[in-house]
């Protein structure tokens, strides 16, 4: 398989021909979904209207309002949030060397949700407070995971995942307790937010979804080669001159911030972080960590789920988080059944 090397002043990495084709195909597919999401809906727009809008040519007021106030914030939020979730899942799975090591399974999504629910119920409902609370909740959950698991069981990924599941269960129970003890109106708002939805997204949501993509992904691009090397083992990575401890801490902190801000923008979207990196790697027929592949696959999956809901003519308020949860649960069952299939196939 042919490989091409890309070098910059900050980082260098290699891409196989197959990886380039997959990344290019995912890019085309994602752009196609974006265009479809912008023109399709209860009020259909034409490609002429869309091109005129982006070329700053005159467009009917109602069409411009639909694009600026409704559809663009929705699709851009899905694009950036999906990319954040995909990359976050890829970092965790690579660092922990386990395909189940995603923010959903480790309880980080539930921890970020705890911060947001606490803000909605007892502090305030501004976009800044929600984003800040999501980050605080995610960081506290990650700190608990580090104290309970990472310090002692850094090389035991299954034990880490079990502890993460326990932390997630505690966070989920805490979320339910806050909903029960809070005011009814605020509890209803928090319950709707917990379902995970792209409905009613504004440019504030776009900003908080885009921030991690703009500032955190370049850091992970710089660390991409080191992260992939750590998957081969700490001793091998150290012998190749990589500072394993610093790389692990920085990359995991970046992944926590990615999932926290994505959760603040769209609510808890289940299984995107689990599925996207694995699908990207399978298509590329490679191992390690693919930043571009994970980001594009995450965006494509979230946009596909939202587009599918609208194409099925379901209620526009139907939460996309429920759709991703249903599809992701099937994938998780298939993933868990893999060792069992191999066991019986070998007999």
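In the numbering used here, the protein residues as written are 256 to 602.
Cβ atoms here follow ideal geometry from the backbone N, Cα and C, with glycine treated the same way.
Just how far apart, CA to CA, sit residue i and residue j?
| i | j | result |
| --- | --- | --- |
| residue 471 | residue 497 | 20 Å |
| residue 318 | residue 529 | 37 Å |
| residue 561 | residue 495 | 43 Å |
| residue 272 | residue 535 | 14 Å |
| residue 422 | residue 347 | 16 Å |
| residue 589 | residue 582 | 11 Å |
| residue 425 | residue 414 | 17 Å |
| residue 429 | residue 378 | 16 Å |
| residue 370 | residue 349 | 26 Å |
| residue 311 | residue 323 | 13 Å |
| residue 543 | residue 380 | 39 Å |
| residue 488 | residue 357 | 19 Å |
| residue 439 | residue 313 | 46 Å |
| residue 303 | residue 287 | 15 Å |
| residue 340 | residue 279 | 20 Å |
| residue 309 | residue 442 | 40 Å |
| residue 456 | residue 315 | 22 Å |
| residue 576 | residue 567 | 16 Å |
| residue 437 | residue 399 | 25 Å |
| residue 283 | residue 432 | 44 Å |
Only counting the same chain, and skipping five residues up and downstream in sequence, which positions put a Cβ closer than 7 Å to that of residue i?
| i | result |
| --- | --- |
| residue 363 | 393, 396, 397, 511, 514 |
| residue 580 | 525, 526 |
| residue 445 | 372, 375, 376, 434 |
| residue 401 | none |
| residue 585 | none |
| residue 503 | 350, 485 |
| residue 468 | 335, 338, 339 |
| residue 384 | 374, 378 |
| residue 359 | 525, 526, 528, 529 |
| residue 501 | none |
Tell whether a beta-carbon distance below 7 Å holds between residue i and residue j.
| i | j | result |
| --- | --- | --- |
| residue 338 | residue 554 | yes |
| residue 509 | residue 474 | yes |
| residue 499 | residue 328 | no |
| residue 506 | residue 482 | yes |
| residue 332 | residue 520 | yes |
| residue 479 | residue 354 | no |
| residue 578 | residue 564 | yes |
| residue 292 | residue 330 | yes |
Looking only at its chain, what residues have a beta carbon closer than 8 Å to the beta carbon of residue i, apart from the 5 residues adjacent to it on each side?
| i | result |
| --- | --- |
| residue 285 | 334, 551, 554, 555, 558 |
| residue 321 | 296, 298, 300 |
| residue 404 | 414, 415, 418, 419 |
| residue 294 | 300, 301, 302, 304, 305 |
Just to check my reading of the structure: residue i and residue j have Cβ atoms closer than 8 Å, yes? What is that Cβ distance to the nearest angstrom?
| i | j | result |
| --- | --- | --- |
| residue 451 | residue 344 | Contact flag wrong, Cβ pair sits at about 15 Å. |
| residue 222 | residue 539 | With the chain running from 256 to 602 in the structure shown, residue 222 is simply not present. |
| residue 541 | residue 274 | 7 Å |
Take residue i as the anchor and find which of the options has the nearest alpha-carbon.
| i | options | result |
| --- | --- | --- |
| residue 416 | 480, 448, 276, 351 | 351 |
| residue 549 | 276, 370, 281, 273 | 281 |
| residue 306 | 466, 290, 295 | 290 |
| residue 476 | 303, 547, 385, 325 | 547 |
| residue 386 | 463, 275, 308 | 463 |
| residue 326 | 469, 458, 430 | 458 |
| residue 605 | 448, 469, 566, 439 | The chain is shown from 256 up to 602; residue 605 falls before or after that span and cannot be answered. |
| residue 466 | 324, 303, 336 | 336 |
| residue 365 | 427, 469, 503 | 427 |
Can a CB atom of chain C be found closer than 7 Å to the CB of residue i?
| i | result |
| --- | --- |
| residue 458 | Among the chains in the structure shown there is no chain C, since it carries only a single protein chain. |
Excluding five sequence neighbours on each side, which residues of the same chain lie with their C-beta closer than 6 Å to the C-beta of residue i?
| i | result |
| --- | --- |
| residue 361 | 419 |
| residue 367 | 389, 392, 393, 515, 518 |
| residue 493 | 499 |
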